[in-house]
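Read through the structure below, which is laid out as structure tokens, and then see the notes.
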Amino acid sequence: MFGLRDPIENRASIFFLPRVCIYDKDQIMKTNRWEDHYTRLARDEDWLARSVYKLQEIDKKFRIIKKDDRLLDMGCFPGSWSQYGLRKVGRKGEVVGIDLTRPEQFLPSNFRFIPADVLSLDVEWLAKEIGPRGVVLSDLAPRTTGIRSVDTNRSMSLAARAAEIAYAVLKVRGHFVCKVFEGEDLRHFRVETSRHFKRTRLFRPTATRKGSREIYLVGIDLVK
Ligand SMILES: C[S@@+](CC[C@H](N)C(=O)[O-])C[C@H]1O[C@@H](n2cnc3c(N)ncnc32)[C@H](O)[C@@H]1O
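In numbering that gives the first Met the number 0, the protein residues as written are 0 to 223.
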């Protein structure tokens, strides 16, 4: 791990995590038609997924994650958001990740993985287990079917659940970032979350794939 470059600070760091797979350019071109600028960049900069650039842009714009923060990252697999979070919070901070799939690469002692389905997770148990959080992230996404209404509804269920968990675990003045697919219920979701935060914004990072309906709701400063 020593001597690898830190993509945030562009310096060598002991926290930097090794890349997940050995990338074979030709293989990727054959199997992944979505290979694009951000995919290549993520590979070159040793991030676990291209989605890191969405969080990076959100974080730069809204100043979400600070040194020593305690984060909850829902839908954390394969791990790039947690990887980014760990870099930002430093040794004294901490990241808890939840997903159906375990991100095997995470070894730092300040990362904890909880294998769970957020839709059936006991929220009270979680709040006690992980304690108050300064930031809650949700990049939860359903397995898409291609049927617009089904995918949007599933995404909204995950987002609503993520918000419920955020209200239970966030400290006062904590922040929330949540992926959701644009659809009829988005306005209602924003109105609901606005009751809990001083400010809410909808933001579409430039790394979002063309044609994707995903957008991020950012809640700043939880009020209880
Ligand atoms: C877009 S990926 C997250 C990528 C991640 N932010 C990263 O940067 O590496 C969405 C994740 O949500 C997870 N997910 C979807 N439904 C879930 C559920 N009900 N409970 C827990 N995780 C879920 C999926 O397993 C998937 O890993």
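Every residue gets a Cβ at the ideal spot worked out from N, C-alpha and C, and that includes glycine.
Less than 7 Å between the beta carbons of D68 and V51, yes or no?
Stepping through the sequence shown from its first residue, residue 68 is reached at position 69. Stepping through the sequence shown from its first residue, residue 51 is reached at position 52. The answer is no: Cβ separation not under 7 Å.
Looking at the secondary structure, which residues open and close the beta strand (DSSP E) in which K87 lies?
Residue 87 sits at position 88 when you count from the first residue of the sequence shown. Looking at the DSSP string, K87 is not in any beta strand (DSSP E); the run it does join, the alpha helix (DSSP H), is S79 to V88.
Label P114 either buried or exposed according to how many other C-beta atoms from any shown protein chain fall within 10 Å of its C-beta, with 16 as the threshold for buried.
Counting from one through the sequence shown, the residue named residue 114 turns up at place 115. When all chains shown are included, P114 counts as exposed.
Using only the heavy atoms of ligand 1, determine whether one of them is closer than 6 Å to the beta carbon of G78.
Translated into positions along the sequence shown, residue 78 becomes position 79. Result yes, Cβ under 6 Å from ligand 1.
Per-residue burial, I97 [other beta carbons within 10 Å of its own, 16 or more giving buried]
As a working mapping, residue 97 is identified with position 98 in the sequence shown. The residue in question, I97, is buried, as its Cβ has 16 or more Cβ neighbours within 10 Å.
Is any non-hydrogen atom of ligand 1 found closer than 6 Å to the C-beta of S156, if you look at the structure I gave you?
On the sequence shown, residue 156 is found 157 positions in, with the first residue counted as 1. Incorrect: S156 has no Cβ contact closer than 6 Å to ligand 1.
CB of L99 to nearest heavy atom of ligand 1: below 6 Å?
Counting from 1 along the sequence shown, the entry for residue 99 is found at position 100. Under cutoff, so the answer is yes.
Taking Cβ positions, are L136 and D72 nearer each other than 7 Å?
Along the sequence shown, one-based indexing puts residue 136 at 137. Along the sequence shown, one-based indexing puts residue 72 at 73. Yes.
Could you give the first and the last residue of the continuous alpha helix (DSSP H) run that contains S154?
As a first step, residue 154 is located in the sequence shown; it is residue number 155 there, counting from the start. Unbroken alpha helix (DSSP H) run through S154: R147 to V168.
Just tell me which of F61, V171 and R212 has its CA closest to the CA of D178.
Translated into positions along the sequence shown, residue 178 becomes position 179. Contrary to the premise, residue 178 reads as Lys rather than Asp in this sequence. The shortest Cα separation from K178 among F61, V171 and R212 belongs to R212.
Return the bridge partner residues of S137 from the DSSP annotation.
Your numbering for residue 137 matches position 138 in the sequence shown. According to DSSP, S137 bridges with M73 and C177.
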